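J.:
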Amino acid sequence: MIRKVILTCLMFISTISLWAQCAMCRASVENNISEGSQGLSAGLNSGILYLLATPYLMVALIGFLWYWKSKKKDAGSLKTESHSGS
Numbered sequence: 003m004i005r006k007v008i009l010t011c012l013m014f015i016s017t018i019s020l021w022a023q024c025a026m027c028r029a030s031v032e033n034n035i036s037e038g039s040q041g042l043s044a045g046l047n048s049g050i051l052y053l054l055a056t057p058y059l060m061v062a063l064i065g066f067l068w069y070w071k072s073k074k075k076d077a078g079s080l081k082t083e084s085h086s087g088s
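The sequence shown maps to residues 3 to 88 in this note's numbering.
Structure, rendered in structure tokens:
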């Protein structure tokens, strides 16, 4: 299981930069590029990628906290069982 998680993380880290845009944003960027301005397109693409990554990071954080809390709870229940058995 840990091997799959590590492999998935490496795949996400090693990907080539992806640039995605909606149709209206694309038209705006193409208009600015034709006028010689590259700054808006780079900022827009970075913003889109930031908005794309945020929900996934939040879900990963919630999953990690849930896992950590359940492990902590399981460890606590094992300690109480060992003390009550003596």
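Here a beta-carbon is modelled for each residue, glycine too, at the ideal position from N, C-alpha and C.
On a predicted model such as this, the values are computed, not experimentally measured, just so you know.
Would you identify the three-state DSSP class for MET13, choosing helix, strand or coil?
T.: As a position in the sequence shown, residue 13 is number 11, starting the count at 1. Of the three classes helix, strand and coil, the one that applies to MET13 here is helix, per DSSP.
J.: Straight-line CA distance for ILE101 to VAL31?
T.: No statement about residue 101 is possible, as the shown extent of the chain runs from 3 to 88 and does not include it.
J.: Nearest CA to the CA of ALA25: which residue from ASP76, LEU46 and ALA55?
T.: Residue mapping note: residue 25 aligns to position 23 of the sequence shown, counting from 1. Nearest of ASP76, LEU46 and ALA55 to ALA25, Cα basis: LEU46.
J.: Tell me the DSSP secondary structure of GLU32 in three-state form.
T.: As a position in the sequence shown, residue 32 is number 30, starting the count at 1. Of the three classes helix, strand and coil, the one that applies to GLU32 here is helix, per DSSP.
J.: Measuring only the C-alpha atoms, how far is VAL7 from LEU54?
T.: On the sequence shown, position 5 is the one that residue 7 refers to. On the sequence shown, position 52 is the one that residue 54 refers to. C-alpha separation (whole angstroms): 20 Å.
J.: Could you tell me whether the Cβ atoms of ILE35 and SER48 are closer together than 8 Å?
T.: Stepping through the sequence shown from its first residue, residue 35 is reached at position 33. Stepping through the sequence shown from its first residue, residue 48 is reached at position 46. No, they are not a contact pair.
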